[in-house]
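A short worksheet on the structure shown next.
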Amino acid sequence: MMKFLILKFIKLYQNYLSPLLGPSCRFHPTCSEYALQAIENFGVIKGGFLAIKRILKCNPWGGNGFDPIPKEK
Numbered sequence: 002m003m004k005f006l007i008l009k010f011i012k013l014y015q016n017y018l019s020p021l022l023g024p025s026c027r028f029h030p031t032c033s034e035y036a037l038q039a040i041e042n043f044g045v046i047k048g049g050f051l052a053i054k055r056i057l058k059c060n061p062w063g064g065n066g067f068d069p070i071p072k073e074k
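Those letters in the sequence shown? Residues 2 to 74, by our numbering.
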């Protein structure tokens with residue numbers, strides 16, 4: 002249930018808030034898409050940790066380019 006709610010929240014952000022803010026993510030996939038993929042593949046705890054780590058990296062000094070979620074272990 003928690004996973005479902007978090008994924009819905011991210012999708013709401015992508016559909017309604019993100020278009021108003023304009024493109025700002027330095028990575029591909031975007032941070033919100035990365036969060037969706039990470040939570041879907043690894044669950045709320047590990048996927049959430051990966052998403053937060055990625056969002057913190059999305060700044061002028063954090064790099065840019067292609068940064069996919071890690072392979073499942």
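The C-beta atom is built at its ideal place from N, Cα and C for all residues, glycine as well.
{"Asked": "Rounded straight-line distance, which links the Cα of Arg55 to that of Gly108", "Found": "As shown, the chain starts at 2 and ends at 74. That puts residue 108 outside it, with no answer to give."}
{"Asked": "Any non-hydrogen atom of the ligand ZN within 7 angstroms of Ile11 CB", "Found": "Because no ligand of any kind appears in the structure shown, any question about the ligand ZN cannot be addressed here."}
{"Asked": "Spatial distance of Lys4 from Phe67 (CA atoms)", "Found": "25 angstroms"}
{"Asked": "Local Cβ density within 10 Å of Gly44, reported as buried at 16 or more and exposed below that", "Found": "exposed"}
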